[in-house]
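Trainee: Residue numbering for the sequence shown follows the working numbering, starting at 3 and increasing by one per position.
Don't be surprised by glycine CBs; every beta carbon is placed ideally from N, CA and C.
Since the structure is predicted, the reported quantities are computational estimates derived from the model, not experimental observations.
Pasting a structure here, questions to come.
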Amino acid sequence: MNPKGRFITFEGIDGAGKSTHINCVAGLLNKAGIRCIVTREPGGTQLGEMLRELLLREDMDVATEALLMFAARREHVVQKILPALESGTWVISDRFADASYAYQGSGKGLAWEKLEALESWTLGTFQPDLTLLFDLPAEIAEKRRAAVRAPDKFEQEKADFFLRVQAGYRKRATDYPRRFRLIDSSQSVEAIQAELAQIIQPMLESVLGIKADR
């Protein structure tokens, strides 16, 4: 009998380095014999990827942006995430609902109450089991973003925008301390991956009664 899958999300400002470590966590799960899929937001489904192109390239009102984000997210959950979890597959997503609070909320000034209403309507009480928040000094993240060859509209934002986004993420971590784990993304890759292994191991033990390889 397959156990219920678990849902792990990766969050952080652009340039924080979260995407680098997604494959590390997927590898830890695979070593433990756990099926997992890696996905992303916006995106993850055919419709979601179409909306992603609009969201990352086209200027639009922040409310329109939030509505499209949650439309893509609803489709993502219904078509991909929930079916995988129900089959016992673990899901790793590069961003989820916390990103809307950080980017459209704190970054662009949309009231969190409106985002809460959207989240309740489209997702109900569905939440990740674990959220890994990659936290990095804004000036280091800015240097990393400058190296991006074809930056999207978010990556082109000014430094003060990312300071607001970072503050939004930290508030979410404070509001939901049981599911958030804050990762110091200024550490070496090796140190971060060792920390990720320590974080994931208790989940593996609690769900499957096994020990992850260190």
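1. Return the chain-ordered list of same chain residues with a C-beta closer than 7 Å to the C-beta of VAL167, the five sequence neighbours on each side being excluded.
2. Would you decide whether TRP92 is buried or exposed? Buried here means 16 or more other CB atoms lie within 10 Å of its CB.
3. Might you give, ordered along the chain, the residues of its own chain that have their beta carbon closer than 7 Å to the beta carbon of ARG216, omitting 5 neighbours on each side?
4. Considering Cα atoms alone, identify which of LEU112, GLY50 and LEU132 is closest to PHE1.
5. Would GLU77 be called buried (16 or more neighbouring beta carbons within 10 Å of its own) or exposed?
6. Looking at the secondary structure, which residues open and close the alpha helix (DSSP H) in which ARG54 lies?
7. Where does ASP137 sit, in a helix, a strand or coil, going by DSSP?
8. Alpha carbons only, please: which of ILE201, PRO139 and SER102 is nearest the one belonging to ARG174?
9. Which term fits VAL79, buried or exposed, when burial requires 16 or more other beta carbons within 10 angstroms of its beta carbon?
10. Check whether the Cβ atoms of ALA34 and LEU206 sit closer than 7 Å, and answer yes or no.
11. CB of SER208 to nearest heavy atom of the ligand SAM: below 6 Å?
12. On a CA-only basis, which of GLN195, GLN203, VAL209 and SER208 is nearest ILE24? Give me that one, please.
13. Would you give the residue range spanned by the alpha helix (DSSP H) that ILE24 belongs to?
14. Kindly list the residues whose CB is nearer than 8 Å to the CB of ALA169, restricted to its own chain and excluding five residues on each side of it in sequence; keep chain order.
15. Looking only at its chain, what residues have a beta carbon closer than 8 Å to the beta carbon of ALA140, apart from the 5 residues adjacent to it on each side?
16. Is the Cβ-Cβ distance between ILE94 and ILE202 less than 7 Å?
17. In its own chain, which residues sit with a C-beta less than 6 Å from the C-beta of ALA74, not counting the 5 before and 5 after it?
18. Mapping the DSSP letters down to three states, classify PHE164 as helix, strand or coil.
Mentor: The short version:
1. ILE15, ALA104, TYR105, SER108 and GLY109
2. Around the beta carbon of TRP92, 16 or more other beta carbons sit within 10 angstroms, so the residue counts as buried.
3. Legend: pLDDT at ARG216 = 46, less than 50; position of this residue unreliable, value from coordinates given subsequently. Answer for ARG216: ALA199, listed in chain order.
4. Residue coverage of the chain in this structure runs from 3 to 216, which leaves residue 1 outside it and unanswerable.
5. buried
6. 48 to 59
7. Assigned with DSSP and collapsed to three states, ASP137 falls in strand.
8. SER102
9. buried
10. Contact: yes.
11. The ligand SAM is not part of the structure shown, which contains no ligands of any sort.
12. GLN195
13. Under the DSSP assignment, ILE24 falls in the alpha helix (DSSP H) whose first and last residues are 20 to 33.
14. So the qualifying residues of the chain are SER108.
15. ILE15, ALA161, PHE164, LEU165 and GLN168
16. no
17. PRO44, GLY50 and LEU53
18. helix
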